[in-house]
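Residue 138 in my numbering sits at position 141 of the sequence shown, with consecutive numbering throughout. For glycine and all other residues, C-beta sits at the position ideal for the given N, C-alpha and C.
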Amino acid sequence: MKATTDNEALRAVLASALKSRSALQPRRGERSSAFWPAPHFGLDRVALFCESSEEERNEILRLCGSSLMAEAYFIEKFGMYFAAKMSLSSESDEERILYSLFASDEAVHFNWISSFVSEDSIARYARDPFIRFLDEVLQKEDRLTLSYIIQVILEGWGISHYRALAADCRDEDLTGIFENIIRDEARHHRSGVILFNEQEPSGDEIEKIVAVLARLFAMVQVGPQMIVSQIELVKGRLSTERKIRVFEELSCERETTKKIALLKSLIHSASHAEIILNRLERNFSLRAFSASQCAATV
Ligand SMILES: [Fe+2]
Ligand SMILES: [Fe+2]
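The following block contains the structure:
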């Protein structure tokens, strides 16, 4: 899909439609993407980062910030696709209204986030395993699996994720945007839990949900790979020993354990939690990797 249109008249209609939905209009134009300080990423505990020149430290922070924004860009873009797909397959008028409104929310979120993302970070992030995973899930999975994975789990996760981004963000406009998105995502998550709890999934449907969750957990278990990749982009390839030390200094096991606990609490927020968690436990999906396991992950 083309990112922009050259049609000036269409752009004017789009701008007016967006304006009618929200008074919040971020300034367009060049910005630094070092939106978060070193402690947000735990980089203040990493010796290699602290010993680097100011220029290198700024570049690592800029790259980490632009990766977070590119991730948000894709998530909001997928949000529009998800809501439209759910609207088309709705079983009642109320559901169709709900998902149509959510599609409008996601379009507004996407427009907000787009003004903070550069084209090169979008191109770089399009190959990220999490983005490719989401793309595949959205295209292939059925309505029940999608509402569970996207609304119950990922939109629930999004609330905490955006809250942490808003708390440490150095750009006032962007902080305001995250705060607005959090309010909408809370509604999206809540309705997902309500709709899922109304269903009586079969054993096969639960197995399908578990299989998608196991892939999602596998991406969390491997720790803060994104941060280490940005360090390598600036400092060059790290030896295995050095990489292990960086993961240790980032407290990878402790931080990942917190993320897994959050995901478990989201599973608990909907029905069938015990059976889903038992299956994930048997699959070793609920354990954070050690620093050396994280460093061995390609
Ligand atoms: Fe959103
Ligand atoms: Fe959403």
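Going straight from the alpha carbon of residue i to that of residue j, what length do you get?
i    : j    : result
L95  : I178 : 17 Å
G62  : T172 : 13 Å
S97  : R18  : 14 Å
I203 : R284 : 21 Å
K232 : D139 : 43 Å
H158 : A6   : 37 Å
H185 : H265 : 17 Å
L131 : E51  : 36 Å
S268 : S115 : 40 Å
D102 : I72  : 13 Å
R8   : D117 : 23 Å
F193 : E252 : 29 Å
S13  : A35  : 38 Å
R129 : K137 : 12 Å
N108 : L210 : 29 Å
L162 : S226 : 20 Å
R276 : K205 : 11 Å
E271 : E48  : 47 Å
R212 : A20  : 39 Å
T2   : A104 : 16 Å
N299 : K261 : Because the chain here runs from -2 to 295, residue 299 falls outside it and cannot be looked at.
S87  : A123 : 30 Å
V10  : L263 : 39 Å
L15  : A80  : 17 Å
T254 : S111 : 31 Å
V295 : E176 : 34 Å
L230 : K240 : 13 Å
Return the first residue and the last residue of the alpha helix (DSSP H) that residue i is part of.
i    : result
P36  : A35 to F38
P126 : P126 to K137
Q196 : Taken as a continuous stretch (DSSP letters only), Q196 belongs to no alpha helix (DSSP H), as it is neither H nor E.
S63  : E51 to L85
T254 : C249 to H265
R234 : R234 -> no alpha helix (DSSP H), and no H or E assigned at all.
T142 : R140 to L143
L283 : Element bounds for L283: n/a, residue is neither H nor E.
I146 : Unbroken run through I146: none, as it is neither H nor E.
F99  : D90 to S111
V10  : E5 to R18
F46  : A44 to C47
R121 : E116 to Y122
A164 : G153 to D165
Rank the options by C-alpha distance to the C-alpha of residue i and give the top, closest one.
i    : options                   : result
I147 : K74, R276 and V10         : K74
F214 : K232, E68, Y159 and F281  : F281
R160 : A69, I272 and E92         : A69
D125 : R276, H185 and S64        : S64
W33  : I57, S50, W154 and Y122   : I57
K82  : L135, L235 and I156       : L135
E245 : R8, D102 and A292         : A292
F113 : S87, D170 and I128        : D170
R42  : A80, Y78 and I224         : I224
D168 : K16, P23, R121 and S111   : P23
S289 : R276, V149 and V219       : V219
S155 : H106, R279, S49 and T294  : The question names Ser, yet the displayed sequence has Gly at residue 155. With distances taken between Cα atoms, G155 lies closest to H106.
E92  : I191, K240, R279 and L235 : I191
L259 : R279, A44 and V149        : V149
Y78  : H37, E133, A120 and F127  : E133
A31  : A67, L11, R234 and K16    : A67
H37  : D165, A44 and E176        : D165
Assuming residue i and residue j are in contact, meaning their beta carbons sit under 8 Å apart, how far apart are those beta carbons, in whole angstroms?
i    : j    : result
G39  : S248 : 6 Å
I228 : V243 : 7 Å
R59  : F46  : So it is not a contact: roughly 13 Å between Cβ atoms.
V207 : I273 : 6 Å
S84  : A100 : 6 Å
Q198 : L141 : It is Pro, not Gln, that sits at residue 198 in the sequence shown. Their Cβ separation, rounded to whole angstroms, is 6 Å, which keeps P198 and L141 in contact under 8 Å.
E152 : E182 : 5 Å
G189 : S144 : 5 Å
E238 : S287 : At roughly 14 Å, the Cβ-Cβ gap does not stay under 8 Å, so E238 and S287 are not in contact.
Any beta-carbon of chain D closer than 8 Å to the one on residue i?
i    : result
V243 : Checking the listed chains, one finds no chain D in this structure; it contains a single protein chain.
Please determine whether the Cβ atom of residue i lies at a distance below 7 Å from any heavy atom of ligand 3.
i    : result
E182 : For the structure depicted, ligand 3 is absent and the ligand set comprises only ligand 1 and ligand 2.
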